[in-house]
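Below: the structure, in structure tokens.
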Amino acid sequence: MLNETVRVAKVDIDPFYFYLQCVRQAGDHDVYLLDAAKDRETDTRYQLSILGLMPLLEVQVKDGCTAIYVRHGLDRVVQEVFAAAPRPAQAPMFRPSSVGMEPSVLLAGDPIPILEQLRQTLRGMVGTENWEPFSSGFLGYLGYDAVHYLEKLPKTTVDDRQLPDIRLQFHALTVHLRGHEAKIFSIPNQMIQYLTGADASRLESLVKNVSRLVDVYTADEPELLASARDQSQSPTDIIDDVAPQTYMDNVNRAREYIRAGDIFQVVVSKRMRTEARLHPYVAYDQLRKLNPSPYMFMTEYPDMRLFGASPEVQFRTVDGSAEMKPIAGTSRGRGQTPEEDAELMNRLLADEKERAEHVMLVDLCRNDLGRISVIGSVHVPQFIVVEPYSHLFHLVSLVRSRLRDDVSVFYALLATFPAGTLSGAPKIRAMEIIDELETLRRGPYGGLIGMVDLESNANTAIIIRSIVETEGQYYIQVGAGIVADSDPSTEWQECHRKAGALVDILSRPLTVQK
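With the sequence shown counted from 1, adding 11 to any position gets you the numbering used here.
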């Protein structure tokens, strides 16, 4: 079973500030953060921020090929497990990993059983006696294009960034943060014995150093953030990769498909980019302050960063109890006063178009969960409530069910993927139309990010309100749900409202903290 240490700080621990302190100890490519910056969560099972430190294994999936990077010492275990598995005739170019320069294993075929086999192998090595959910497992993302591993869909969009479809890491150390308390979980001795002497010593030091960071934690700004601010430059213009007229033409083409009866709704997105002159730590810090959200994240790899402020659960489950939380229906901004806010909320609740779109996507969640759940267990305990965000209001519902015993957690993730709020209804036809209308691959946008633990619990959020940084560029992507009576110019404006917090951060003049 896992080694566990509990430490208590003198003040509440800020997850991002603590992340930066851990980065100084472990290195920027060796720490992963799932940051519950804004506590909207009422379920205690999910009321925590999670850090992963010192990755021992990384999985990258690209174009039907799976690469498994494993820290030296554990590589022979993985090689033995997949000794008889098929190999690809030709592998795509994979991204560098902090775990190793080259993959230990390259595999062909469906990644779902590969991931499930890895989960079971690691579960056997770690042991799950007295298991606490999310104390060890896979941290990472599934990009929008991971849907191709479950559904047969066209692939005509241009893959200009060559990012992995799936990227997951297993860490030697997992930290749970709740208020003053930090729980530190590290791999057990029976797994440490596979590591090299240097890695075993590094892990021992890391446990001690992270414990000490909790003991001496203060609310002061970390030096690393001040240094990042010094390295930042004032931002340049943000460029639309889709021209306004092109986007509005796409909206009209989508409406033609709706009038023809192909679909009821489809999400048409557009991408923006700018030079990465603002340090990612500064951008993320400003995002947390401007638009704190319940599912924030900061991930760093040698070749890219992915960070954001998602408001929306994709799929989550603990002990077989599953739920999705669709967000669909958007106000036209926020008011200047509480009275104006109240008026906007009432208008949103009374808007027939927004309500109809929301009901459609609640039904889609019910159908998705129905594919993998015990018959009769799908229900909607929360239906159409308004939630406030920094730049707008959203309509939100909650759908729950009981998973069938024969459904693996990775299959459940893909069976409910991507969210209907990022694709449309019916989902498969909507995704075919998205592939026709959008010329560039979405990459992480519209996918999911979070954790799958070794006991098949999952906590994931939709990758929206997010920034991808790679090769010196920041990328933002936003979309609008198109229905029969959508107005093209209004949908273009809705995209910009949704991107508001991100655009504000990346386009405002840099301010220096005093």
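The C-beta atom is built at its ideal place from N, Cα and C for all residues, glycine as well. Since this is a predicted model, take the numbers as computed values, not measurements.
Asked                                                                                                      : Found
DSSP three-state assignment for methionine 202, whether helix, strand or coil                              : helix
8 angstroms Cβ cutoff met for threonine 77 and valine 70                                                   : yes
Boundaries of the beta strand (DSSP E) in which threonine 185 is found, first to last residue              : 177-189
Secondary structure, beta strand (DSSP E): runs of 3+ residues fully inside the region 310-342             : 315-321, 324-329, 332-335, 338-341
For asparagine 14, the three-state DSSP class (helix, strand or coil)                                      : strand
beta-carbon proline 175 near the ligand SAM non-hydrogen atom, thresh 7 angstroms                          : The ligand SAM is not part of this structure, which contains no ligands at all.
Leucine 359 to threonine 341 span [Cα, whole Å]                                                            : 7 angstroms
Helix, strand or coil at asparagine 470 according to DSSP, with G and I counted as helix                   : strand
Per DSSP, cross-strand counterpart(s) of proline 66                                                        : His182
Cutoff 6 angstroms; reference leucine 206; Cβ partners in own chain excluding five residues on either side : Gly84
Where glycine 431 sits in the DSSP three-state scheme                                                      : helix
Own chain residues within Cβ distance below 7 angstroms of tyrosine 152, not counting five before or after : Arg178, Leu317, Pro455, Gly458, Leu459, Ile460, Ile474
Three-way DSSP call (helix, strand, coil) for valine 289 in this model                                     : In the sequence as displayed, the identity of residue 289 is leucine instead of valine. Three-state DSSP puts leucine 289 in coil, outside helix and strand.
Selected residue, minimal CA-CA separation from glycine 492, among Gly483, Ala47, Lys509, Tyr486           : Lys509
Residue from Pro303, Glu286, Ser280 with nearest C-alpha to glutamate 480                                  : Glu286
Three-state secondary structure assigned by DSSP to leucine 117                                            : strand
Reduced DSSP secondary structure (H/G/I, E/B, other) of methionine 356                                     : helix
Reference threonine 132, options Gly346, Pro233, Ser467, closest by Cα                                     : Ser467
Closest by C-alpha distance to leucine 236, when choosing among Leu31, Asp74, His191                       : Leu31
Serine 222 (DSSP reduced to helix, strand or coil)                                                         : helix
Presumed contact (8 angstroms Cβ cut-off) between valine 391 and serine 408, rounded CB distance           : 6 angstroms
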